[in-house]
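Chains as they are written, first to last, in my numbering: chain Z, 19 to 111; chain G, 732 to 1214.
Just so it is clear, CB atoms sit at the ideal spot from N, CA and C, and this is done for glycine as well.
Scroll down for the structure; my scribbles are underneath it.
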Amino acid sequence: MAGFDIDRVAYLARLNLTDEERALFGGQLETIVNYVDAIARLDTDGLEPTLHGHRVNNIFREDVPVTGLDPEQALANAPARIDNEFKMPRVVE
Amino acid sequence: MNTEELKRLTVAETLRLLRAGKVTSAELVRGLLEIMESSQQDIHAFVTIDAEGALRQAAECDARRAAGEDLPLLGVPIAIKDNMNVIGQPCTASSRILEGYVAPYDATVIAKLRAAGAIFLGRTNMDEFALGSTTQTSAFGPTENPVARGCIPGGSSGGSAAAVGGGLAICALGSDTGGSIRQPASHCGIVGVKPTYGRVSRYGVVACASSLDQVGPMTKTVEDAALILNVISGRDPMDATCLDEAVPDYTQAWAGADPEKPLAGMRIGLPKEYFGEGLDPEVRARVEAAAERARALGAETVEVSLPHSGYGIPTYYICMTAELSANLARFDGVRYGLRVPCDDVIAQYGATRAEGFGAEVKRRVLLGTFVLSSGFYDAYYNRAQKVRTLIRRDLEAAFARCDLLLGPVTPEPAWPLGVYQNDPIRNYLSDVLTVAANLAGCCALSLPAGKTGEGKPVGVQLIGPNFGEMALFRAAHALECRG
């Protein structure tokens, strides 16, 4: 299996890795990816994908407003907040 | 009621005693809390015990019963896997990233149980985010098997299985993405049901892999599992995958059966691939004995083939980790859970997730991100979804020839704690016999089938077609070893 780039994948996953983790997971994931490569042996041409466990593809409901969490409940677990908003580092300069 | 009687108590018997006024919920809850707390050191089945809340609910239930009220589970205490929101209780999915999180609402299964009168004792330990087959990936330490001491209880619903198997709880809820109800049920000698995909709502359950996850009962008897599935099943507008299918009374599944030949007219398939190489001889013997028993009870057994079984684990680990990596993107330190503050937002995400997730979560998030990444999506994720079609068709073809499938739950009995921890693939292979039901959406159940010479429980698995729970319960009730 070519192309497994641990740094690229970790960046895409927004997951910082230590040097030990980089070495450990890099090796383990290469083994796992080689293992799951078994599916490459099957001819899958023309097969439809199965996306989930039943054949139903859409469920419609009436568009009626319902009461959700109030701001206090929604913010109760916030790591940091200002008034009724989640506080985050600045995203745009 | 003495401690030993309390440890053996079933849901059905609890309801009989409560309805006859022979016991109060307060007495039951006090007794169970004592057993739970004294077992924490050894078994560690719970991550949180809500003694105060449980006693308050018990008093309310007793008052309601005294006022003449009755409900399907009024006053019955239940243990809940730590990935389901119970308003006011912590909900961590056994992860550091959710330490301190308090649920602001009830999951639908919890709301249904609450409306039926159940009491929430506490939260059971699990593999972190339900990723594992041993409960050893929990950030809060492992759970020990209460029956096969020194061994894993299975996972990921290992705390629920240990609580019920050890008599610390009368019943529990678990969740099953690739075997996480059935495999620990098998290792702890209890009944575990993975309902059909779409039978039970997942709203308010910490998502693992959304196309595979189902919530189900973990109990001491088949009847108890039916009593709980009756309550938690049914359509939920909050989970669009939860279908509007009628909910039969599952306790009627075995009604009117011929006592001598309760399985007369039923055809049970034995998938030959499930009895192949790598199956522990003692497990094979117990499962073959269950098939023999099914024949003695009137069923016809036929050999069937699931030719793509060997592709189950690769397919599962691609689909599952892909969905997992997307679902776990919400753990970013913004709205809830751990935050490692940084000046830059991308740095904050990376640092928060590095600190909050354990090794198995990181491994699977990385794998899932990889199989979805540009350049690899077609070769892995897309292809795995097509192989999933082949696996589904295998099961559909088998169900054209029989009503149910019967086989082992796991290739081997519970292994000692600490073994195989650095060998991810070795752990993944323990799901080899359970993932097909999730990939195809089928219902499946694990039922105690005796013990090995060393006293380790062995389970037998029954797999039914989508919404085939009645047949599953009928067969399981007949096969259940009583006494």
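In the structure shown, T68(Z) falls within a coil segment according to DSSP collapsed to helix, strand and coil. Sorting G1195(G), I850(G), H1208(G) and G752(G) by C-alpha distance to the C-alpha of A1021(G) places H1208(G) at the top.
Looking at E991(G), G987(G) and V962(G), the one whose alpha-carbon comes closest to that of V978(G) is V962(G). Counting only residues of its own chain and dropping the five nearest sequence neighbours on each side, A916(G) has a CB closer than 7 angstroms to the CB of A892, V922, G923, M949, S1177 and G1190. The residue from E39(Z), L30(Z) and F22(Z) with its alpha-carbon nearest to that of I50(Z) is F22(Z). In chain order, I766, M767, S770 and A776 place their CB closer than 6 angstroms to the CB of L899(G), counting only its own chain and leaving out the 5 sequence neighbours on each side.
In terms of beta-carbon proximity, V54(Z) lines the interface with chain G, with at least one pair separated by less than 8 angstroms. Of the residues G1106(G), T1052(G) and F1130(G), the one whose Cα lies closest to the Cα of V1035(G) is F1130(G). A residue is called buried when at least 16 other Cβ atoms come within 10 angstroms of its Cβ; I1077(G) does not meet this threshold and is exposed.
Shown here for T1052(G): same chain residues with a beta carbon closer than 7 angstroms to its own, the five before and five after excluded, namely R1095, L1098, G1099 and V1102 in chain order.
Between L1055(G) and A940(G), the alpha-carbon positions lie close to 5 angstroms from each other. Close CB contacts of T779(G) within its chain, under the 6 angstroms cut and outside five residues either way in sequence, are with P821, G853 and R854 (chain order).
Neighbours of N961(G) in chain Z, taken as residues whose beta carbon is under 8 angstroms from its own, are absent, since the nearest beta carbon is some 21 angstroms off. Per the coordinates, the alpha-carbon of L35(Z) lies some 9 angstroms from the alpha-carbon of F43(Z). Rounded to the nearest angstrom, the gap between the Cα atoms of S1104(G) and H1039(G) is 26 angstroms. N1158(G) and S864(G) have their C-alpha atoms roughly 7 angstroms apart. Approximately 5 angstroms separates the beta-carbon atoms of G920(G) and G896(G); this is inside 8 angstroms, confirming the contact. In this structure, the beta-carbon distance from Y1047(G) to V1166(G) falls below 8 angstroms.
Look at F1062(G) here: in three-state DSSP terms it is coil, with no helix or strand label. Identification of chain G residues near I100(Z) by a Cβ-Cβ cut-off of 9 angstroms yields none; the smallest Cβ-Cβ distance measures about 13 angstroms. Annotation: R1024(G) to A1085(G) spans about 51 angstroms, alpha carbon to alpha carbon.
Following the DSSP letters along the chain, one finds V953(G) inside the alpha helix (DSSP H) bounded by residues V953 to I963. Q983(G) carries a helical assignment under DSSP once its states are collapsed to helix, strand and coil. Close CB contacts of G965(G) within its chain, under the 6 angstroms cut and outside five residues either way in sequence, are with V978 (chain order). Residue range I850 to T855 is occupied by the beta strand (DSSP E) that includes R854(G). Rounded to whole angstroms, D1162(G) and K753(G) show a C-alpha spacing of 43 angstroms. For the C-beta of V833(G), the chain Z residues within less than 8 angstroms are, from N- to C-terminus, A94 and N95. Secondary structure of Q772(G) (DSSP, three-state): coil. Separation of T908(G) and Q945(G) (C-alpha to C-alpha, rounded to the nearest whole angstrom) is 7 angstroms. DSSP places E791(G) in the helix class (H, G or I) of the three-state scheme.
Using a CB distance cut-off of 8 angstroms, P107(Z) counts as an interface residue toward chain G.
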